[in-house]
Structure formats: C-alpha cells, structure tokens
Amino acid sequence: MVEAGGDGLADALSPRRLLSSETVYAGRIWDVRQDTFEYSAGEPPLVRDYIDHPGAVAVVVLDERERVLLINQYRHPVGMLLWEIPAGLLDVHGEAPQLAAARELAEEADLAADSWQVLTDMFNSPGSSSEAIRIFLARGVSEVPMHARHVRTDEEADMATEWVPLDEAVAAVLDGRIHNPSAVAGLLACAAASRNGYAGLRPADAPWEAHPRLRGASSGHGAGNPTTGA
C-alpha cells in the first residue's frame, strides 16, 4: 500500500520503455495511437490504444459579485445542451496555455480579464486519452470592443451565456444538473479556493509538467503572460 498525505500527496511521472507507437486512426481534431510498451522488466509487453489529444484550457470567470459565467452549448456525442465554462483546445502551435485561455475567453464570451491564476489541472479520461486540461481563474473582466469580437459559427453560433452566483453553480453540480467535466472541476475548485480569498493559487504561467507535450518546459515558454494576479 502506498501512503501519502499533506504535500506528499501528488501524482508522479512514471515512464515506461516504449517499444513501438503508431497512429491507427487520423482524425480531424485528434488521432488514435497504439503503443506497445514494457510495463515491467521480464514481463510480456502491453499494447494500449488511446486518443492522442493536444490538451485544452478552461476558464472560471468570476465577477465582483462572486458570480461565474456559464455558457450553454450543444454537444453532439451526448445529444445535450450543457452548461459549461469557456474552454478550448491547445491547437495553436507554440501558444502558451494562459494565452490560449485568454483567446478562448474572448472568442466564446467577448470578455477580457485583468487577473489570471491557475485553479487546477486535470486529465479528462486518463485511461483512454492523453487530454490534459488546465483550468484558470479569471477576474477583473471587461467586454471586448465590438470591432474586435470573434464571429462564432456552428455549435457556437447560438450559445447563450448567463452569470450565476458561485454557490448556485456549485449546487447545480452537486445536484447532478451540470455534467461538463471542466465545469464540474472548475466550479468546485473555485468554491474551495474562495474559502481563503483565493490565496495560494498558482500564477497563470506555472509549469504544467503533467501535460504530456509540455514536460520539461515552462508553460509560458515561447509566449508572453497576459497578466499576473493574486
């Protein structure tokens, strides 16, 4: 049994010897890879198929009245309109996660923010996908000028937005009325962080070693930080 507590409670990198890796399906947004690897010395190799995902960012937007911004978007795989937080793929080469989050906030909600911090990091489905998600807290929001706004298309064209008190959003999560994983994790993390006034949250450009494609590099490498904040 592995015992850990306090600051010692942390997921850890545990690389295995990769024997082969190939793309078995090339998709429009992500691929499916098949890896053959040595799990332990002297044992037969294992073969695993998984979604090779670029990763994503999401944003809990908090206003001065402790309300969070929620977006209502159609998601075809589940056939539902979901209440979500602004989010998007890390699909721009070399773009730092915090800049991607600021871009998604502007594109999906026509908003900019003065203060950015990291709320939490997560894997969406680590048994079947390499998707890593970083969820930011954005405060000090203002509207993007009309001339600079993004033109939304497809499922994003008719998205509704609503400002909801944080405690009401958390209640919706606990009642099973909100299902999107980044919204669930982000709202609960925001509620937990609010208990001590959001002190101790990591800066927006904190390293993101858990992301498979960012290991060994600062999350802010190659791009500027939109802002710092506490």
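Under the numbering used here, the letters of the sequence shown match residues 627 to 856, in that order. C-beta atoms are modelled at their ideal positions from N, C-alpha and C, and glycine is treated no differently.
Q: State the CB to CB distance for the pair residue 885 and residue 676, rounded to an integer number of angstroms; the pair is presumed to be in contact (CB under 8 Å).
A: Shown here, the chain extends from 627 to 856; a query on residue 885 therefore has no answer.
Q: Please state if the CB of residue 707 and the CB of residue 789 are separated by a distance shorter than 7 Å.
A: No.
Q) Any contact of the segment 729-738 with the segment 639-656, i.e. 3+ C-beta pairs under 8 Å? A) In the pairwise beta carbon analysis, the segment 729-738 is classified as not touching the segment 639-656: fewer than three pairs are separated by under 8 Å.
(Q) Considering Cα atoms alone, identify which of 797, 796, 736 is closest to residue 773. (A) When each option's Cα is compared against that of residue 773, the closest is 736.
Q | Beta-carbon spacing of residue 679, residue 733 below 7 Å | A | At least 7 Å separates the beta-carbon of residue 679 from that of residue 733.
Q: Determine the contact status of residue 687 and residue 764, defining contact as a CB-CB distance below 7 Å.
A: Going by C-beta atoms, residue 687 is nearer than 7 Å to residue 764.
Q | Entirely enclosed alpha helix (DSSP H) segments - the segment 737-820, minimum 4 residues | A | Whole alpha helix (DSSP H) segments, 4+ residues: 792-800, 807-820.
Q) Exposed or buried, what is residue 673 when buried is set at 16 or more other beta-carbons lying within 10 Å of its beta-carbon? A) Burial is judged here by how many other beta carbons sit within 10 angstroms of a residue's own beta carbon; residue 673 has fewer than 16 and is exposed.
Q: Run the CB neighbour count on residue 692, radius 10 Å, all protein chains shown included, and call it buried at 16 or more, exposed below.
A: When all chains shown are included, residue 692 counts as exposed.
**Q.** Exposure of residue 639, with buried meaning 16 or more beta-carbon neighbours within 10 Å
**A.** By the Cβ neighbour-count rule, residue 639 is exposed, with fewer than 16 other Cβ atoms within 10 Å of its own.
Q. What residue range is occupied by the uninterrupted beta strand (DSSP E) comprising residue 644?
A. Per DSSP, residue 644 belongs to the beta strand (DSSP E) from 643-652.
Q) Any idea what DSSP makes of residue 729, helix, strand or coil? A) In the three-state DSSP reduction, residue 729 falls in the helix class (H, G or I).
Q) How is the beta strand (DSSP E) around residue 684 delimited, first residue to last? A) Going by DSSP, residue 684 is part of the beta strand (DSSP E) stretching over 682-687.
Q) Could you check where the beta strand (DSSP E) with residue 713 kicks off and where it finishes? A) For residue 713, the uninterrupted beta strand (DSSP E) segment begins and ends at 713-715.
Q: Note down the Cα distance separating residue 806 from residue 709, rounded to an integer number of angstroms.
A: Going from the Cα of residue 806 to the Cα of residue 709 covers about 7 Å.
Q) Do residue 836 and residue 813 come within 7 Å of each other at the CB atom, strictly closer than that value? A) No; because the gap between Cβ atoms is not below 7 Å, this pair is not in contact.
Q.
For residue 644 and residue 663, which I take to be in contact (beta-carbon distance under 8 Å), what is that distance rounded to the nearest angstrom?
A. The pair is a contact, with the Cβ atoms about 5 Å apart (cut-off 8 Å).
(Q) I need the DSSP call for residue 669, collapsed to helix, strand or coil. (A) For residue 669, the three-state secondary structure derived from DSSP is coil.
Q. According to DSSP, what are the bridge partners of residue 831?
A. None; residue 831 has no bridge partner.
Q: Report, in whole angstroms, the separation of the C-beta atoms of residue 820 and residue 792, which I expect to be a contact under 8 Å.
A: Indeed they touch by this definition, with Cβ atoms about 7 Å apart.
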